[in-house]
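Take a look at the structure set out below.
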Amino acid sequence: MYATQNIIIPLKPESGYDSGLSNTIQRLVEDAREYFELNILAVTPTALNGRIDQDTRDRGLLEQLNSLEIADDIVPSYARITEEEWDAIDAGEYDGGLPEIRFRGSIDAAHDAGLPVRDFDGSCDQLENYAELARIVEHGGIDR
Numbered sequence: 724m725y726a727t728q729n730i731i732i733p734l735k736p737e738s739g740y741d742s743g744l745s746n747t748i749q750r751l752v753e754d755a756r757e758y759f760e761l762n763i764l765a766v767t768p769t770a771l772n773g774r775i776d777q778d779t780r781d782r783g784l785l786e787q788l789n790s791l792e793i794a795d796d797i798v799p800s801y802a803r804i805t806e807e808e809w810d811a812i813d814a815g816e817y818d819g820g821l822p823e824i825r826f827r828g829s830i831d832a833a834h835d836a837g838l839p840v841r842d843f844d845g846s847c848d849q850l851e852n853y854a855e856l857a858r859i860v861e862h863g864g865i866d867r
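Quick note on my numbering: the sequence shown kicks off at 724 and runs consecutively.
Structure follows, in structure tokens:
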């Protein structure tokens with residue numbers, strides 16, 4: 724964080740997620756900014772494994788992130804859900820991919836094996852999302 728002056732904030736849909744972002748910004752980012760410049764490159768939901776067409780923590784986290792005024796600037800495209808997409812999800816008509824970084828056993832297994840996920844399981848559906856995170860780091864933020 725100090726060396727790069729950049730941060731990607733991961734948020735899990737755990738108890739208290741609704742205050743997690745504001746607490747992280749207040750306790751971590753604002754405190755750090757007293758000593759050095761710190762840019763938030765992205766805020767990404769992670770480790771989701773629940774439905775988003777029902778009232779779940781996963782959906783609540785996604786709704787919170789996507790309702791932020793600065794969502795276009797900090798929410799990666801794989802987690803960005805428009806009002807029209809929410810309407811389609813609620814109507815059972817959404818045909819897009821599942822948003823966010825979702826839990827996959829192959830990610831944990833790759834870590835345990837000391838291998839990149841791409842080498843461990845080249846078919847993992849989360850690889851494109853990780854590639855987007857890499858592009859965000861390379862570009863110094865989200866470039867839409």
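Beta carbons are placed, not taken as given, at the ideal position from N, Cα and C, and that holds for glycine.
Does DSSP put residue i in a helix, a strand or coil?
| i | result |
| --- | --- |
| R825 | strand |
| T747 | helix |
| I859 | helix |
| N852 | helix |
| L761 | coil |
| L788 | helix |
| V840 | helix |
| V766 | strand |
| I804 | coil |
Go ahead and label residue i buried or exposed: buried means 16 or more other beta carbons lie within 10 angstroms of its beta carbon, across all protein chains shown.
| i | result |
| --- | --- |
| L734 | buried |
| Q787 | buried |
| Q849 | buried |
| L785 | buried |
| E823 | buried |
| L791 | exposed |
| T769 | buried |
Just the C-alpha distance for residue i and residue j, rounded to the nearest angstrom, thanks.
| i | j | result |
| --- | --- | --- |
| Y801 | R867 | 12 Å |
| G815 | A755 | 43 Å |
| R841 | A811 | 32 Å |
| F759 | N729 | 11 Å |
| R858 | L764 | 11 Å |
| V752 | G864 | 16 Å |
| R825 | N852 | 10 Å |
| W809 | G773 | 16 Å |
| Y796 | V860 | A small correction: the amino acid at residue 796 is Asp; Tyr does not occupy that position in the sequence shown. Going by the C-alpha atoms only, they are around 14 Å apart. |
| A726 | I748 | 19 Å |
| S745 | E855 | 24 Å |
| R750 | E757 | 11 Å |
Which whole-angstrom value is the C-beta distance of residue i and residue j, which I expect to be below 8 Å?
| i | j | result |
| --- | --- | --- |
| A833 | P839 | 7 Å |
| I775 | R782 | 5 Å |
| D813 | S829 | Not a contact, Cβ separation roughly 30 Å. |
| I732 | V766 | 5 Å |
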